[in-house]
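In what follows, a structure is listed as structure tokens, so that the remarks can point back to it.
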Amino acid sequence: MNKKMEKFIEAAKNLGALEAKFIDPATIKTGAWVIMKCRYGCGRYNTRLCCPPHTPTFKETQEVIDCYKTALLIHCKSWDTVTPIVAKLEKEIFLSGYYKVFGLGCGPCKSCKPCNMVKCIKPQEVRPAMEACGIDVYETVRKNGFPIDVVKDMNSEQNCYGLLLIE
15 MNKKMEKFIE
25 AAKNLGALEA
35 KFIDPATIKT
45 GAWVIMKCRY
55 GCGRYNTRLC
65 CPPHTPTFKE
75 TQEVIDCYKT
85 ALLIHCKSWD
95 TVTPIVAKLE
105 KEIFLSGYYK
115 VFGLGCGPCK
125 SCKPCNMVKC
135 IKPQEVRPAM
145 EACGIDVYET
155 VRKNGFPIDV
165 VKDMNSEQNC
175 YGLLLIE
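Heads up, the sequence shown is in the numbering used here, so the first residue is 15 and it goes up one at a time.
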């Protein structure tokens, strides 16, 4: 990470993130089991183009991660704020000259209700969730010093995360 990139931490906070920090992409953990949690645990499975089975496999995701030397992990308190922040930040980072930047959000896409399941009509706003691409969010964020626990219900405090791969 270079000094030129440090402004992206402040940009993330200005967009609504609680915290953001650069991490080594080697600390991003993927696993085959993650997408099984989507398939057999989420009622939105196969109802959005940003959800499995329309997302990359964990192996494809790992191949993409391996193309990057830097990642920015952002921390928010609500899952529905993560993806909009990631999409805006991705655009800002891209316009700063980092043409390979790619963002991953959190949770199911909420841009269109229902999703047309043919072609995304809001590609500037939409990013797949880390978990939808096979990233073990719990292990990844814990390895990088951020808090995360299983929430007991929707009234419990949440720690939600987004990721930007930067090169």
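Where is the CB? At the ideal position from N, CA and C, for every residue including glycine. Model, not experiment: these values are computed from the prediction.
Excluding the five sequence neighbours on either side, which residues of its own chain have a C-beta within less than 6 Å of the C-beta of residue i, listed in chain order?
i, result
"G30", "T95 and I99"
"A26", "A34, I88 and L103"
"P161", "N173"
"T154", "I42 and K43"
Can the beta-carbon of residue i be found less than 8 Å from the beta-carbon of residue j?
i, j, result
"G117", "L32", "no"
"F36", "A85", "yes"
"E20", "K83", "no"
"Y175", "C120", "yes"
For residue i, list the residues DSSP reports as bridge partners.
i, result
"A34", "I88"
"L29", "Paired residues: none, contrary to the question."
"I149", "T44"
"K174", "Contrary to the premise, residue 174 reads as Cys rather than Lys in this sequence. According to DSSP, which records beta bridges pairwise, C174 is partnered with C90."
"I49", "DSSP lists no partner for I49."
Could you name the residues of the same chain whose beta carbon sits closer than 8 Å to that of residue i, not counting the 5 residues immediately before and after it, in chain order?
i, result
"H68", "N60 and R62"
"Q138", "A101 and K105"
Here's a check: name, in chain order, each residue in its chain whose Cβ is nearer than 7 Å to the Cβ of residue i, leaving out the five neighbours to either side.
i, result
"K136", "S125 and C126"
"T75", "T44, C147, G148 and I149"
"I107", "F22, V115, L178 and I180"
*Taking three-plus beta-carbon pairs below 8 Å as touching, is the stretch 134-149 in contact with the stretch 58-68?*
yes
*Would you be able to state if there are at least three C-beta pairs under 8 Å between the stretch 72-85 and the stretch 124-132?*
no
*Any chance the stretch 146-165 sits against the stretch 45-63, with 3 or more Cβ pairs inside 8 Å?*
yes
*Unbroken stretches of the beta strand (DSSP E), 3 residues or longer, contained in the stretch 54-109*: Taking only runs of at least 3 residues, the beta strand (DSSP E) segments lying wholly in the stretch 54-109 are 84-90.
*Can you list the beta strand (DSSP E) stretches of 3 or more residues lying completely in the stretch 115-151, in chain order?*
116-118
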